[in-house]
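K.L.:
Let me give you the structure first, and then I'll get to my questions.
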Amino acid sequence: MIKEKSNPWFIIFVFLVLIIFTQGTYDIDEPSFFVPVIIFSLLLGVFGVYLLGKDMDLLKNLYFLSYVMTIGIAFAPAIGSYIEDGDRFYGFPAQWFSYYHLSGSVSFNIIGFLFDFFLIFFLLRFLNKIFLKSS
407 MIKEKSNPWF
417 IIFVFLVLII
427 FTQGTYDIDE
437 PSFFVPVIIF
447 SLLLGVFGVY
457 LLGKDMDLLK
467 NLYFLSYVMT
477 IGIAFAPAIG
487 SYIEDGDRFY
497 GFPAQWFSYY
507 HLSGSVSFNI
517 IGFLFDFFLI
527 FFLLRFLNKI
537 FLKSS
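Just so you know, the numbering used here puts 426 at position 20 of the sequence shown, and the rest follows in order with no gaps.
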């Protein structure tokens, strides 16, 4: 019962963290950035699996599959990565992650990420309905 009530709060918390993360650029070469980010991401993943674990069937949970595909397509070399003056931009069709090589900083654009996520989600949902009708 507590897990069901915590699910919306967890999702809101994740979006708030992403919004806070988008407010600046960060130096990824510094351990003061990447060590806390790795620890926080792992803890967030553990809590997410604990709270949302019953819905982790990939064929039934299109949200999780869309999330994985959004990240996978963004970092695919031929599809989602763009290089301009040595700076790297990731995301397809909208760019949502940028790495600036001169300063060593990264930035995250939540609007581009959400656009890509929902585009893939609706595409998978459409394909799922087509395959369910045909079978």
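We put the CB at the ideal spot given by N, CA and C, even for glycine.
Taking DSSP as the reference, what is the three-state secondary structure of I445?
P.N.:
Helix at I445.
K.L.:
Using 8 Å as the Cβ pair cut-off and three pairs as the minimum, do the segment 465 to 483 and the segment 522 to 531 touch?
P.N.:
As far as the Cβ criterion goes, the segment 465 to 483 touches the segment 522 to 531, which means the pair count is three or higher.
K.L.:
With DSSP collapsed to three states, give me the class of D491.
P.N.:
Residue state, collapsed to three classes: coil.
K.L.:
With DSSP as the reference, label F503 as helix, strand or coil.
P.N.:
Three-state DSSP puts F503 in a strand.
K.L.:
Rank A484, L468 and F498 by C-alpha distance to the C-alpha of I477 and give the top, closest one.
P.N.:
If we check each option's Cα against that of I477, F498 comes out closest.
K.L.:
Could you check whether W502 and F523 sit closer than 7 Å to each other, using their CB atoms as the reference points?
P.N.:
Contact flag unset, no.
K.L.:
Leaving aside the five residues before and after V521 along the sequence, list all residues of the same chain whose C-beta is less than 7 Å from its C-beta, in chain order.
P.N.:
Checking the sequence, you will find Phe at residue 521 rather than Val. Taken in chain order, the residues that qualify are A500.
K.L.:
Tell me which residue opens and which closes the beta strand (DSSP E) that S540 is part of.
P.N.:
Unbroken run through S540 is the alpha helix (DSSP H), I516 to S540; no beta strand (DSSP E).
K.L.:
What are the residues that DSSP puts in a beta bridge with Y496?
P.N.:
According to DSSP, which records beta bridges pairwise, Y496 is partnered with S487 and F503.
K.L.:
Taking the alpha helix (DSSP H) that A480 belongs to, which residues open and close that run?
P.N.:
Unbroken alpha helix (DSSP H) run through A480: L468 to A480.
K.L.:
Could you work out which residue in D491, Y496, G492 and E490 is closest to F481 when comparing CA atoms only?
P.N.:
Nearest of D491, Y496, G492 and E490 to F481, Cα basis: Y496.
K.L.:
If L424 and I516 are in contact, beta carbons under 8 Å, what's the gap, nearest whole angstrom?
P.N.:
So it is a contact: roughly 5 Å between Cβ atoms.
K.L.:
Whose C-beta lies closer than 8 Å to the C-beta of N534 among residues of the same chain, with five residues either side of it excluded?
P.N.:
If we look at N534 and ignore the five residues flanking it on each side, its Cβ neighbours are L468.
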